[in-house]
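In the UniProt record's numbering, the protein residues as written are 1 to 539.
Notes follow once the structure below has been shown.
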Amino acid sequence: MNDPVTVYRAKTLVPESTAFRTSFFSTTISTMPFYYPEEVSARLQERCARLRQLDRDIPELQAALDQLVEERKALRREVWAYPILNLPNELTELIFRACVSPGVRVMPSRSIPPLSLSHVCKQWRTIALSIPHLWNCVRPRAVSPNTVRLLELWLARAKTLPISISLSSTLLLPVEIPSWASRHSHRWEHVSLVLPHIELSRLYWMDVSALKSLVLGGSGDPRQLIDRVHTFGPARNLQELTLLRGISPFKFDIPWGQLTTLSATDLTVHECLRMLRSATRLVDCTLFIRLSSHSQPTHLNPTLYHPTLAHLILHYGASHLSLLSALSLPALTRIQLSLESGSDNVSAFVRFGKHAPLLSHMAVEAGALSPEEFLECLRATPRVRVLEFQSPHRLATGKILRGLTLGDGAKGAGGCLPSLTHLRMTDESKHLDDAVFGTLVGMIRSRNGTGNTASSPSSPSPPSSPSLIYSPTASLPPTKARLKSISLMLLVQSKPKELSAEQVEELRAIELEGKEDGQGGIEICIETRKGQVYPPCPS
């Protein structure tokens with residue numbers, strides 16, 4: 001049964017809505033133009049004809065537009081590539097060769113040269129494939145049966161050039177690799193082999209007459225290398241040797257007497273001495289000494305004399321001093337090492353300094369060495385011109401700067417390293433307070449102040465042959481030199497203290513003094529872990 005209220009509302013609303021619709025349509029229809037049937041038919045036919053015409057014109061215009069778009073893209077590519085595409089092929093070849101570092105073994109990848117160059121366009125690919133120097137260095141990403149095909153491809157593109165190759169694997173090699181190596185080893189110039197020890201023992205029947213540099217590394221159980229490896233003994237051109245961790249240098253036949261560069265890892269002091277005794281022409285040497293209580297060498301008498309070693313880098317702890325105390329290095333010009341506190345260590349370094357008269361560049365990690373001990377070591381090497389040192393000993397900066405201040409000749413007035421020209425200090429110190437700043441300025445002025453007109457002597461060069469050992473100036477007193485650069489790094493944890501305006505102006509004046517005298521100024525840089533203090537950063 002219907003609700004009376006709903007029925008009432010329906011009867012009252014229907015007439016109103018009907019009246020509204022009637023009024024609206026009457027008004028709309030009365031304003032529309034009236035067309036006779038024949039006129040409606042004509043207008044409809046006209047519009048249908050226009051639609052058919054548009055359907056015919058649009059594809060034609062779209063095709064023309066697409067052609068214009070493609071032409072624009074081609075012109076844009078040509079404009080962008082115009083300089084390189086119009087270069088002579090010989091000049092493009094030089095540019096391509098500059099994209100690949102000589103001797104650097106690269107992984108075959110489309111994102112790096114030389115493959116990236118050959119994937120740009122047809123012209124570039126033709127040029128890249130015609131340059132053998134782009135393809136004579138290779139380092140496969142992984143060693144697998146497919147590696148041989150890759151190596152053959154690169155060797156074919158390298159034509160007759162010597163090749164640089166790197167093979168690294170922790171697994172046993174596929175049988176194809178040793179066979180390939182024996183066929184092409186006569187072209188090996190720079191080789192890196194980081195393989196299981198058992199694979200290194202299988203290196204035989206190879207011609208390594210062209211080999212110049214060799215990197216050897218082993219993985220797995222070293223006891224698998226039972227037999228001595230004779231492969232590299234006939235390498236008459238070998239000059240550079242790198243022995244990675246896990247490789248015993250005396251398990252391989254190496255022509256030690258012709259090496260000029262040697263880097264060895266995880267060796268005892270006794271093993272280092274044995275190699276240095278055999279490598280009589282060595283010029284550059286880097287040794288990572290094994291920390292072991294059994295690594296102390298038997299005391300040599302006389303001291304091992306090495307006439308050609310010019311650059312020596314020693315890593316890992318106080319065992320260095322055991323090695324240095326057994327060496328006499330008259331040609332040494334540069335050394336990098338770490339020093340530990342203790343009278344025995346300091347005495348050992350002082351003795352070493354007496355046997356290295358040409359030492360001019362020293363990089364030291366001071367460890368727990370006190371400032372007094374460090375200065376004593378510096379006094380043993382008076383000809384050092386470049387000094388780099390890092391010390392975790394707090395509050396050491398001021399004391400070391402005072403020790404480097406040239407005095408008036410009185411004893412105890414400092415005066416370490418009168419020939420110093422470049423100083424780089426990294427110190428676990430506090431902020432550069434006024435006292436340390438004053439010491440820094442005093443040290444610089446004592447070396448570059450008025451009256452210090454001595455020109456910087458040239459660095460002594462290492463002997464070019466074993467017969468030339470001592471420089472004529474080795475027995476002369478060190479020459480006083482102007483300080484050319486100083487870099488001070490303070491590893492404070494908090495926000496660095498800013499220099500006052502007066503201090504900044506004083507440092508700027510010091511930098512300009514030498515330039516006005518025509519002797520060349522000094523470059524000063526002071527920074528902390530949190531930011532640069534001097535020169536002040538532009539705001």
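Yeah, the Cβ is synthetic: ideal placement off N, Cα and C, and Gly gets one too.
Worksheet item: For Pro371, does the three-state DSSP call read helix, strand or coil?
Response: As a first step, residue 371 must be located in the sequence shown, where it is residue number 371. It is helical.
Worksheet item: Hey, out of Gln67, Arg149, Glu502 and Ser182, whose CA is closest to Leu203's CA?
Response: For the purposes of this step, residue 203 is taken as residue 203 along the sequence shown, with counting starting at 1. Checking every option, the nearest Cα to that of Leu203 belongs to Ser182.
Worksheet item: Who are the Cβ neighbours of Lys399 in its own chain at under 7 Å, not counting the five residues just before and after it?
Response: Position 399 of the sequence shown, counting from 1, holds the residue named residue 399. Answer for Lys399: Pro371, listed in chain order.
Practice prompt. Name the residue from Leu387, His184 and Glu60 whose alpha carbon lies nearest to the alpha carbon of Val364.
Written response: As a working mapping, residue 364 is identified with position 364 in the sequence shown. The shortest Cα separation from Val364 among Leu387, His184 and Glu60 belongs to Leu387.
Worksheet item: Taking the DSSP output, what are the residues bridged to Gly521?
Response: Here residue 521 refers to the residue found at position 521 of the sequence shown. According to DSSP, Gly521 bridges with nothing at all.
Item to complete: Give me whichever residues DSSP pairs with Glu340 in a beta bridge.
Response: The residue labelled residue 340 in the question sits at position 340 within the sequence shown. BP columns for Glu340 are empty, so no partner.
Discussion item. Check this for me: beta carbons of Arg379 and Ser360, under 9 Å apart or not?
Written reply: Start at 1 with the first residue of the sequence shown, and residue 379 comes out as number 379. Start at 1 with the first residue of the sequence shown, and residue 360 comes out as number 360. Not closer than 9 Å, so no.
Worksheet item: Helix, strand or coil: how does DSSP classify Glu511 here?
Response: As a first step, residue 511 is located in the sequence shown; it is residue number 511 there, counting from the start. In the structure shown, Glu511 sits in a helix (DSSP, three-state: H, G or I).
Worksheet item: Could you give the C-beta distance for Phe288 and Leu324, rounded to a whole number, given that I count them as a contact under 8 Å?
Response: As a position in the sequence shown, residue 288 is number 288, starting the count at 1. As a position in the sequence shown, residue 324 is number 324, starting the count at 1. Not really, about 15 Å apart at Cβ, beyond 8 Å.
Worksheet item: What residue does the alpha helix (DSSP H) around Glu152 start on, and which one ends it?
Response: In the sequence shown, residue 152 corresponds to position 152, counting from 1. Looking at the DSSP string, the run of the alpha helix (DSSP H) that includes Glu152 is Thr147 to Arg157.
Worksheet item: Excluding sequence positions up to five away, which residues of its chain have a Cβ less than 8 Å from the Cβ of Lys354?
Response: In the sequence shown, residue 354 corresponds to position 354, counting from 1. Taken in chain order, the residues that qualify are Ala380.
Discussion item. Distance cutoff 9 Å, beta carbons only. Does Val120 sit that close to anything in chain C?
Written reply: Absent from the structure: chain C. Only one protein chain is present.
Discussion item. Assuming contact is defined by CB atoms lying nearer than 9 Å, are His315 and Ser338 in contact in what I supplied?
Written reply: Counting from one through the sequence shown, the residue named residue 315 turns up at place 315. Counting from one through the sequence shown, the residue named residue 338 turns up at place 338. Cβ distance < 9 Å, so His315 and Ser338 count as in contact.
Item to complete: Can you check DSSP and say which residues form a bridge with His422?
Response: If you number the sequence shown from 1, residue 422 lands on position 422. Per DSSP, Val386 and Ser485.
Fill in: Distance between Ile524 and Leu327 (C-alpha atoms, nearest Å)
Numbered from 1 along the sequence shown, position 327 holds the residue referred to as residue 327. Numbered from 1 along the sequence shown, position 524 holds the residue referred to as residue 524. Computed Cα separation, rounded: 36 Å.
Worksheet item: Where does Gly531 land, buried or exposed, given buried means 16+ other C-beta within 10 angstroms?
Response: Residue mapping note: residue 531 aligns to position 531 of the sequence shown, counting from 1. Looking at its Cβ environment, which holds fewer than 16 other Cβ atoms inside 10 Å, Gly531 is exposed.
Worksheet item: Helix, strand or coil for Pro59 per DSSP?
Response: Position 59 of the sequence shown, counting from 1, holds the residue named residue 59. Pro59 falls in the helix class under three-state DSSP.
Worksheet item: Helix, strand or coil: which one does DSSP assign to Val5?
Response: Taking the sequence shown and counting its residues from 1, one reaches residue 5 at position 5. Since pLDDT at Val5 reaches only 49, below the 50 mark, its modelled position is unreliable, and the value read off the structure follows with that caveat. Three-state result, Val5: helix.
Discussion item. Given a cut-off of 9 Å on the beta-carbon distance, is the pair Met275 and Pro255 in contact?
Written reply: For this step, residue 275 is matched to residue 275 along the sequence shown. For this step, residue 255 is matched to residue 255 along the sequence shown. It is not a contact, given that the beta carbons lie outside the stated cut-off.
Worksheet item: Given a threshold of 16 other Cβ atoms within 10 Å of its Cβ, counted over all protein chains shown, does Trp205 qualify as buried or as exposed?
Response: On the sequence shown, position 205 is the one that residue 205 refers to. Flag for Trp205 reads exposed.
Practice prompt. Note down, in chain order, each residue of its chain lying with its Cβ closer than 6 Å to the Cβ of Thr242, except the 5 sequence neighbours on either side.
Written response: Numbered from its first residue, the sequence shown carries residue 242 at position 242. Taken in chain order, the residues that qualify are Val215 and Ser263.
Worksheet item: If you drop the 5 nearest sequence neighbours on each side, which residues of the same chain put their C-beta closer than 6 Å to that of Val436?
Response: The residue given as residue 436 occupies position 436 in the sequence shown. Excluding positions up to five away in sequence, the list reads Thr397 and Gly398.
Worksheet entry | Ile289 - containing beta strand (DSSP E), residue span | Walking along the sequence shown from the start, residue 289 turns up at place 289. Where Ile289 is concerned, the enclosing beta strand (DSSP E) stretches over Asp284 to Ile289.
Worksheet item: Based on Cα-Cα distance, which residue from Ser278, Leu499, Ser341 and Ile95 lies nearest to Gly367?
Response: To locate residue 367, count along the sequence shown from 1; it is residue 367. When each option's Cα is compared against that of Gly367, the closest is Ser341.
Discussion item. Let me make sure I understand the geometry here. Which of Thr303, Thr265 and Arg445 has the alpha-carbon closest to that of Arg482?
Written reply: Counting from 1 along the sequence shown, the entry for residue 482 is found at position 482. Out of Thr303, Thr265 and Arg445, Arg445 has the C-alpha closest to the C-alpha of Arg482.
Fill in: Bridge partner(s) assigned by DSSP for Ala264
Sequence index remark: in the sequence shown, residue 264 carries index 264 (1-based). Answer is Leu243 and Leu287, bridged to Ala264.
Worksheet item: With burial defined as no fewer than 16 other Cβ atoms inside 10 Å of the residue's Cβ, what is the status of Leu54: buried or exposed?
Response: Residue numbering aside, residue 54 sits at position 54 when the sequence shown is read from its first letter. Looking at its Cβ environment, which holds fewer than 16 other Cβ atoms inside 10 Å, Leu54 is exposed.
Worksheet item: How should Glu152 be labelled, buried or exposed, when 16 other C-beta atoms within 10 angstroms of its C-beta is the threshold for buried?
Response: Here the question's residue 152 lines up with position 152 in the sequence shown. Exposed: under 16 other Cβ atoms inside 10 Å.
Practice prompt. Starting from the C-beta of Glu373, find all residues in its chain whose C-beta is less than 7 Å away, skip the five residues before and the five after it, and write them out in chain order.
Written response: The residue labelled residue 373 in the question sits at position 373 within the sequence shown. The residues are Ser341 and Val346.
Discussion item. Helix, strand or coil, according to DSSP, for Asp427 in the structure here?
Written reply: For the purposes of this step, residue 427 is identified with residue 427 of the sequence shown, where counting begins at 1. In the structure shown, Asp427 sits in a strand (DSSP, three-state: E or B).
Worksheet entry | Assigned exposure category for Leu273 - 16 Cβ within 10 Å defines buried | Locating residue 273 in the sequence shown gives position 273, where the first residue counts as 1. When all chains shown are included, Leu273 counts as buried.
Discussion item. In the DSSP assignment, the alpha helix (DSSP H) including Gly218 goes from what residue to what residue?
Written reply: Along the sequence shown, one-based indexing puts residue 218 at 218. From DSSP, Gly218 is part of no alpha helix (DSSP H) but of the beta strand (DSSP E) over Ser213 to Ser219.
Item to complete: Closer than 6 Å by C-beta to His230: which residues in its own chain qualify, once you throw out the five before and the five after it? Chain order, please.
Response: Walking along the sequence shown from the start, residue 230 turns up at place 230. Closer than 6 Å at Cβ, skipping near neighbours: Asp253.
Worksheet item: Alpha carbon to alpha carbon, what distance is there between Arg77 and Leu94?
Response: Translated into positions along the sequence shown, residue 94 becomes position 94. Translated into positions along the sequence shown, residue 77 becomes position 77. Approximately 23 Å, taken between the alpha carbons.
Item to complete: Verify whether the separation of the beta carbon atoms of Thr261 and Val283 is less than 9 Å.
Response: One-based indexing of the sequence shown puts residue 261 at position 261. One-based indexing of the sequence shown puts residue 283 at position 283. Yes. Within cutoff.
Worksheet item: Starting from Trp188 and walking both ways along the beta strand (DSSP E), at which residues does that stretch end?
Response: Here residue 188 is taken as the residue at index 188 of the sequence shown, counted from 1. Here the beta strand (DSSP E) through Trp188 covers Trp188 to Pro196.
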